[in-house]
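Trainee:
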Amino acid sequence: MYPKLFSPGPVHVSPETFAAMAKTMIGHRGAEFEELYAALQPGLREIFGTTRPVFLSTSSAWGVMEGALRNLVRKKVLCLCCGAFSDKWLDVARKCGYESDSVQVEWGRAIDPEAVRAKLAEGGFDTVTFIHSETSTGVLNDLEGVAAVVKSFPDTMFIVDTVSSLSTVPIDMDRLGIDVMLAGVQKALALPPGLALFATSEAALERAKATPDRGYYFDFLEFSKNHQKNNTPSTPCIPLLHGLRHILEGIAAEGFQNRIDRHRETNAMIRGWGARHGFELLAPEGRRSFALNCFKNPDGFDLPTFIKALKTQHRFAINGGYGKIKGFTFRISNMGNETPETMQQLISAMDDVL
Ligand SMILES: *Cc1c(COP(=O)(O)O)cnc(C)c1O
Numbered sequence: 580m581y582p583k584l585f586s587p588g589p590v591h592v593s594p595e596t597f598a599a600m601a602k603t604m605i606g607h608r609g610a611e612f613e614e615l616y617a618a619l620q621p622g623l624r625e626i627f628g629t630t631r632p633v634f635l636s637t638s639s640a641w642g643v644m645e646g647a648l649r650n651l652v653r654k655k656v657l658c659l660c661c662g663a664f665s666d667k668w669l670d671v672a673r674k675c676g677y678e679s680d681s682v683q684v685e686w687g688r689a690i691d692p693e694a695v696r697a698k699l700a701e702g703g704f705d706t707v708t709f710i711h712s713e714t715s716t717g718v719l720n721d722l723e724g725v726a727a728v729v730k731s732f733p734d735t736m737f738i739v740d741t742v743s744s745l746s747t748v749p750i751d752m753d754r755l756g757i758d759v760m761l762a763g764v765q766k767a768l769a770l771p772p773g774l775a776l777f778a779t780s781e782a783a784l785e786r787a788k789a790t791p792d793r794g795y796y797f798d799f800l801e802f803s804k805n806h807q808k809n810n811t812p813s814t815p816c817i818p819l820l821h822g823l824r825h826i827l828e829g830i831a832a833e834g835f836q837n838r839i840d841r842h843r844e845t846n847a848m849i850r851g852w853g854a855r856h857g858f859e860l861l862a863p864e865g866r867r868s869f870a871l872n873c874f875k876n877p878d879g880f881d882l883p884t885f886i887k888a889l890k891t892q893h894r895f896a897i898n899g900g901y902g903k904i905k906g907f908t909f910r911i912s913n914m915g916n917e918t919p920e921t922m923q924q925l926i927s928a929m930d931d932v933l
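If you want the numbering used here, it's the position in the sequence shown, counting the first as 1, plus 579.
#1: Could you say which of L925, A775 and M914 lies nearest to W852 if we only look at CA atoms?
#2: Go ahead and pull the three-state DSSP assignment for K655.
#3: Could you give the first and the last residue of the continuous alpha helix (DSSP H) run that contains D740?
#4: Quick check on DSSP: helix, strand or coil for T708?
#5: Could you tell me how far apart the beta carbons of G676 and V718 are, in whole angstroms, since I believe they sit closer than 8 Å?
#6: Given a threshold of 16 other Cβ atoms within 10 Å of its Cβ, counted over all protein chains shown, does N837 qualify as buried or as exposed?
#7: Would G628 and D792 qualify as a contact pair, given that the criterion is a beta-carbon distance under 8 Å?
#8: Would you mind working out which of G794, Y616 and H821 sits nearest A598, comparing C-alpha positions?
#9: Identify the continuous beta strand (DSSP E) that holds T908 and give its terminal residues.
#10: Does the separation of the CB atoms of P621 and H806 fall below 8 Å?
#11: Thinking C-beta only, is V682 closer than 8 Å to L657?
#12: Starting from T921 and walking both ways along the alpha helix (DSSP H), at which residues does that stretch end?
#13: To the nearest angstrom, how far is it from the Cα of C816 to the Cα of A778?
#14: How about T714: is its Cβ closer than 7 Å to a heavy atom in ligand 1?
#15: Does the beta-carbon of L861 have 16 or more other beta-carbons within 10 angstroms, so that it is buried, or is it exposed?
#16: Report yes or no: do three or more beta-carbon pairs, one from the stretch 747 to 761 and one from the stretch 643 to 657, lie closer than 8 Å?
#17: If you compare alpha carbons, which of T891, V742 and S813 is closest to S712?
#18: If you run the structure through DSSP and keep just helix, strand and coil, what is M752?
#19: Could you check where the beta strand (DSSP E) with K875 kicks off and where it finishes?
#20: What does DSSP give as the partner residue(s) for R867 in the beta ladder?
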């Protein structure tokens with residue numbers, strides 16, 4: 580038996596979700612598929628905070644993260660770096676051959692909007708990449724603040740990764756002027772991996788039109804064109820779309836605000852557990868994600884043994900740190916369908932092991 584995942588992605592998938600996915604296969608160029616695609620739009624627009632179409636990409640989130648660069652970057656991209664995923668985006672921009680620069684802060688710190696302003700003022704940037712919830716450090720960056728700064732630089736595209744924040748906090752894509760907002764479904768939406776979601780501003784589509792060499796698989800204009808027919812450019816992972824419909828129906832039944840409150844509550848339970856045992860959070864007060872907690876591993880604490888005992892004795896899996904802070908931190912997710920009751924089961928197990 581595999582352990583139940585409390586690591587920050589993929590997260591535990593409920594038997595009900597798997598059951599919703601197990602449907603007779605349908606073709607993707609037909610009325611049944613179009614009905615499925617259209618049914619997803621209202622729920623997706625609510626969690627994205629947009630009136631724009633939400634596109635479905637059969638890929639991991641990185642597909643769209645790289646694709647966004649290929650659709651939007653003209654000359655030079657600024658990557659806002661504060662952890663493993665945001666640092667990697669800079670690396671990906673370089674691998675795509677773009678001129679690039681970064682605002683880099685120490686892992687565990689948040690991006691300072693004023694540092695972004697100073698860097699953009701140097702000139703030459705046409706695109707910015709930003710990660711809202713940096714899953715490797717547990718930092719929830721200042722989306723409002725950074726968005727306002729980027730907005731004050733005309734013709735600068737703002738690409739935002741909300742992979743581990745979507746549906747755990749309210750995000751208003753349209754009001755913030757986000758040009759591309761993207762997420763994967765294996766984090767807070769608690770689906771199996773393999774599907775990424777994204778929405779674009781009208782300006783982003785205009786920029787894409789003027790960008791040569793966008794490729795095909797992640798061409799935003801292909802997504803936009805197919806959306807008009809409630810469809811995707813190529814064959815999508817149809818079972819995941821059934822699963823997504825089930826999750827969105829769950830969000831509608833629970834109420835979006837209640838879902839956000841639930842994530843706050845379950846997140847606070849783990850913070851409280853850490854405080855009781857003297858574990859400090861890596862992220863500073865006020866800039867902490869509500870999707871997960873990333874604790875510092877104190878000197879002398881045998882983290883590998885703790886994680887292993889939790890897994891073998893209780894069949895719960897937490898994560899022993901990611902990237903260069905692996906071993907020096909550990910992370911516990913409260914994303915998806917977790918409730919105060921299920922978080923209490925994890926807490927009791929962790930207390931037992933300690
Ligand atoms: C998990 C994660 C990614 C990568 O997602 P994939 O689906 O594995 O490509 C990117 N950004 C953030 C913030 C993440 O948490």
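Glycine residues also receive a C-beta, built at the ideal position from the N, C-alpha and C atoms.
These numbers come from a predicted model, not from an experiment.
Mentor: According to the structure data:
#1: L925
#2: strand
#3: From DSSP, D740 is part of no alpha helix (DSSP H) but of the beta strand (DSSP E) over M736 to D740.
#4: strand
#5: Between V718 and G676 the Cβ distance is about 29 Å, and since that is not below 8 Å, they are no contact.
#6: exposed
#7: no
#8: Out of G794, Y616 and H821, H821 has the C-alpha closest to the C-alpha of A598.
#9: T908 to S912
#10: no
#11: Yes.
#12: P919 to V932
#13: 18 Å
#14: yes
#15: Counting other Cβ atoms within 10 Å of its Cβ, L861 reaches 16 or more and is therefore classed as buried.
#16: yes
#17: V742
#18: helix
#19: Bounds of the beta strand (DSSP E) holding K875 are L871 to K875.
#20: V718
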